[in-house]
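Sequential numbering of the sequence shown, starting at 6, is according to our numbering.
A virtual CB, placed ideally from N, CA and C, is assigned to each residue, including glycine.
Presented below is the structure to which this report refers.
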Amino acid sequence: YKLLPDLPLALALLAHDLRLRGVLDANPRRVRKWAELALAEIDYRVRPVTALYTVRDGKPAVERGFIGYVSYELLDSLGRELLSKLLGFAQRLGLGKSRSLGFGHVEVAPLA
6 YKLLPDLPLA
16 LALLAHDLRL
26 RGVLDANPRR
36 VRKWAELALA
46 EIDYRVRPVT
56 ALYTVRDGKP
66 AVERGFIGYV
76 SYELLDSLGR
86 ELLSKLLGFA
96 QRLGLGKSRS
106 LGFGHVEVAP
116 LA
């Protein structure tokens, strides 16, 4: 598990899910490799949080996640259209696990 946002991994997972659903035809490995080279983190403010998921055998079961933001700069505009589609889906569907707890919420906004 990662407590910090990993956008290339998140985009690859989105591409995988959307490919399985027949919505998007993009190779998840290529998406991840492209994103690792094409996106630069330029600012962030992230803090870890723990949320109570349920109680099992009288003991709390918790999930870890993070709250905050990360700002990215797109260095390679060749994948801008695919990135826009993937981020649009992320905004609508959320990302990762524990979405029912409020984790995985994504907000996409231009900085300029």
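Inset, instruction - Pick helix, strand or coil for residue 68, following the three-state DSSP scheme. - result: strand
Inset, instruction - Express the C-alpha separation of residue 83 and residue 70 in angstroms, rounding to a whole number. - result: 32 Å
Inset, instruction - To the nearest angstrom, report how far apart residue 115 and residue 92 are at their CA atoms. - result: 12 Å
Legend entry - Contact the stretch 33–49 vs the stretch 72–87: 3+ CB pairs below 8 Å: yes
Inset, instruction - Identify which residue in 35, 13 and 67 has its Cα closest to the Cα of residue 45. - result: 13
Legend entry - Inter-residue Cα distance where the pair is residue 22 and residue 108: 18 Å
Inset, instruction - Quick one: residues in its chain with C-beta nearer than 6 Å to the C-beta of residue 65, no 5 flanking neighbours on either side, listed in chain order? - result: 57
Inset, instruction - For residue 117, count neighbouring Cβ atoms within 10 angstroms of its own Cβ and tell me buried if that reaches 16, exposed if not. - result: exposed
Legend entry - Inter-residue Cα distance where the pair is residue 32 and residue 68: 30 Å
Inset, instruction - Select from 30, 28 and 36 the residue whose C-alpha is nearest the C-alpha of residue 88. - result: 36
Inset, instruction - Check whether the Cβ atoms of residue 20 and residue 81 sit closer than 9 Å, and answer yes or no. - result: no
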